[in-house]
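Visitor:
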Amino acid sequence: MDIRLKGKRALVLGGTRGIGRAIVETLAGEGAAVGLCARTPAQVEEVVTALKHAGARAIGAAVDMGDHGALADWVAQAARDLGGIDILISNASALVIGNTKEAWQSCLNIDVLGAATAFEAAKPFLSEAAKAHDDAAAVFVSSVSAAETEAPQAYGAMKAALIHLAKGLAKENAKHKIRVNVVSPGTIYFKGGVWEMIEQNMPDRYKGALRRNPLGRMGSPQEIADMTVFLASPISSFTTGANVIVDGGITGRVNF
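If you're matching positions, the sequence shown starts at 389 in the working numbering and goes up one per residue.
(1) Spatial neighbours of V527 within its chain, please: CB distance less than 8 Å, with the 5 preceding and 5 following residues excluded, ordered by chain position.
(2) Tell me the rounded alpha-carbon separation between K396 and N589.
(3) With 16 other CB atoms within 10 Å as the buried threshold, where does N487 fall?
(4) Assuming G502 contacts L459 (C-beta within less than 8 Å), just tell me the rounded distance between them.
(5) Okay, do the region 450–464 and the region 492–511 touch, 3+ Cβ pairs below 8 Å being the bar?
(6) P573 by DSSP, collapsed to three states: which one?
(7) What are the start and end residues of the beta strand (DSSP E) that includes G645?
(8) For F513, count neighbouring Cβ atoms within 10 angstroms of its own Cβ and tell me buried if that reaches 16, exposed if not.
(9) Verify whether the separation of the beta carbon atoms of A416 and A449 is less than 8 Å.
(10) Quick one: grab the DSSP three-state call for R567.
(11) Expressed to the nearest angstrom, what Euclidean distance is found between the alpha-carbon atoms of I633 and E433?
(12) Given this structure, state the Cα-to-Cα distance separating D614 from D592, to the nearest angstrom.
(13) Can you tell me the Cα-Cα spacing of K595 and E584, whole angstroms?
(14) Rounded to the nearest angstrom, how far is the Cβ of A480 from that of Q610, given a contact under 8 Å?
(15) Assuming contact is defined by CB atoms lying nearer than 8 Å, are A535 and R641 in contact in what I supplied?
(16) Let me make sure I understand the geometry here. Which of N497, G472 and I498 has the alpha-carbon closest to that of A517?
(17) Going by C-alpha distance, which of L603, K579, K519 and T627 is nearest K555?
(18) Have a look at G408, Q465, K579 and I638 and flag the residue whose alpha-carbon is nearest the alpha-carbon of G604.
(19) Mind checking which residues open and close the alpha helix (DSSP H) that includes L514?
(20) So what does N601 bridge to, in DSSP terms?
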């Protein structure tokens, strides 16, 4: 299936590891030009180099997502370098678990305000793309933790706030033909990720998570990337304000 991404220009926040890297590689594989940012310069350089070697048009920069001025500046510069923005994807996360003031502040600054800042900085370019092609899109990566809790956790609460933000932006920007959607992953396993660490250090917890999942396994970054890129593509042009759960059936709630 041609999802009509050839020639599109996409920005990805948090695009060097796991889900983010899979998103970047999938976009590039579909013919999109990609701009990515993350915290670690060496990782950004490695991904950009790999994409270029594969024949993709790619740019990248090390950006602290908690420095909202620097983030907004990068979005604007990336738009100039790419010649515009058709797609914005926020996969950046503080990945801090806990109920401390520091955890709440970090998750707020990066997960929520990072996405909000990037969207506002990208909005003029998304609007221009939508006027030209009748469609532009933003996708935020949240988590099933947004609606599942056993204790006070900054991470889950801020992921819930991200879904709320996306729904509001979808309503506000529909008239501009800018779509905003969310993908909420469940347990995703990749090398160097949280679940590999749990597998190595807390094997009983890891096995319990596998047992709870009806499919009997964890998801891969590629499975999240496929849904994310699908929602970002023009073939999803009538989908906005949605929170798509990709969790292998591990959550029990019914989404009316």
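For every residue, glycine included, the Cβ atom is placed at its ideal position computed from N, Cα and C.
Guide: In terms of the structure at hand:
(1) Locating residue 527 in the sequence shown gives position 139, counting from the first residue. I475, L476, I477, S478, V568, N569, V570, V571, T616, L619 and A620, listed in sequence order.
(2) In the sequence shown, counting from the first residue as 1, residue 396 sits at position 8. In the sequence shown, counting from the first residue as 1, residue 589 sits at position 201. Approximately 42 Å, taken between the alpha carbons.
(3) In the sequence shown, residue 487 corresponds to position 99, counting from 1. Exposed, since its Cβ has fewer than 16 Cβ neighbours within 10 Å.
(4) Here residue 502 refers to the residue found at position 114 when the sequence shown is read from its first residue. Here residue 459 refers to the residue found at position 71 when the sequence shown is read from its first residue. Between L459 and G502 the Cβ distance is about 6 Å, and since that is below 8 Å, they are a contact.
(5) yes
(6) Position 185 of the sequence shown holds residue 573. If DSSP states are grouped into helix, strand and coil, P573 belongs with the strands.
(7) Because the chain here runs from 389 to 644, residue 645 falls outside it and cannot be looked at.
(8) Looking up residue 513 in the sequence shown gives position 125. Looking at its Cβ environment, which holds 16 or more other Cβ atoms inside 10 Å, F513 is buried.
(9) Residue numbering aside, residue 416 sits at position 28 when the sequence shown is read from its first letter. Residue numbering aside, residue 449 sits at position 61 when the sequence shown is read from its first letter. No. Outside cutoff.
(10) For the purposes of this step, residue 567 is taken as the residue at position 179 of the sequence shown. If DSSP states are grouped into helix, strand and coil, R567 belongs with the strands.
(11) Residue 633 sits at position 245 when you count from the first residue of the sequence shown. Residue 433 sits at position 45 when you count from the first residue of the sequence shown. When rounded, the distance between both Cα atoms is 31 Å.
(12) As a working note, residue 614 is residue 226 in the sequence shown. As a working note, residue 592 is residue 204 in the sequence shown. When rounded, the distance between both Cα atoms is 30 Å.
(13) In the sequence shown, the residue the question calls residue 595 occupies position 207. In the sequence shown, the residue the question calls residue 584 occupies position 196. Rounded to whole angstroms, K595 to E584 spans 12 Å at the Cα level.
(14) On the sequence shown, position 92 is the one that residue 480 refers to. On the sequence shown, position 222 is the one that residue 610 refers to. In fact, because the Cβ distance is near 19 Å, the residues do not count as touching under 8 Å.
(15) Taking the sequence shown and counting its residues from 1, the one referred to as residue 535 is at position 147. Taking the sequence shown and counting its residues from 1, the one referred to as residue 641 is at position 253. Yes.
(16) Numbered from 1 along the sequence shown, position 129 holds the residue referred to as residue 517. Checking every option, the nearest Cα to that of A517 belongs to G472.
(17) One-based indexing of the sequence shown puts residue 555 at position 167. Closest option to K555, Cα to Cα, is T627.
(18) In the sequence shown, counting from the first residue as 1, residue 604 sits at position 216. Of the listed residues, the one whose Cα sits closest to G604 is I638.
(19) For the purposes of this step, residue 514 is identified with residue 126 of the sequence shown, where counting begins at 1. Its alpha helix (DSSP H) spans residues L501 to H521.
(20) Taking the first residue of the sequence shown as position 1, residue 601 is located at position 213. None, per the DSSP bridge assignment.
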